[in-house]
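K.L.:
One structure is given below, represented as structure tokens, and several questions about it will come after.
Numbering (my numbering), first residue to last: 536 to 604.
See the structure below:
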């Protein structure tokens, strides 16, 4: 009737999958990249670092604005 161990393991497996990055950005380190964000904003710069949540560190960054004349 009551399974004390199965539910906890499934929850931790889901958390591990969520924290894994599906994108390997290591090949782009120290190279220029252009990033498109939700909401339409774009930026380009030299990729200096990143984390599993895809927070990016860009150097010499330029932000591009759309629709501004």
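We put the beta carbon where it would ideally sit given N, CA and C, even for glycine.
A quick note: this is a predicted structure, and the numbers were derived from the prediction, not measured.
(1) Using DSSP's beta-bridge definition, name the partner residues of residue 593.
(2) Can you say whether residue 582 is buried or exposed, counting buried as having 16 or more other CB atoms within 10 angstroms of its CB?
(3) Residue 576 lies in the beta strand (DSSP E); which residues open and close that run?
(4) I need the boundaries of the beta strand (DSSP E) containing residue 567, first residue and last residue.
(5) Spatial neighbours of residue 591 within its chain, please: CB distance less than 6 Å, with the 5 preceding and 5 following residues excluded, ordered by chain position.
(6) What's the C-alpha gap between residue 595 and residue 576?
P.N.:
Based on what the coordinates show:
(1) Translated into positions along the chain shown, residue 593 becomes position 58. Paired residue(s): 582.
(2) On the chain shown, position 47 is the one that residue 582 refers to. Residue 582 is buried by the Cβ-count criterion.
(3) Position 41 of the chain shown, counted from the first residue, corresponds to residue 576. Boundaries for residue 576: no beta strand (DSSP E) harbours it, and the DSSP string shows neither H nor E there.
(4) Start at 1 with the first residue of the chain shown, and residue 567 comes out as number 32. Residue 567 -> beta strand (DSSP E) spans 567–571.
(5) Taking the first residue of the chain shown as 1, we reach residue 591 at position 56. Cβ neighbours of residue 591 within its own chain (closer than 6 Å, five residues either side excluded): 585.
(6) For this step, residue 595 is matched to residue 60 along the chain shown. For this step, residue 576 is matched to residue 41 along the chain shown. Going from the Cα of residue 595 to the Cα of residue 576 covers about 17 Å.
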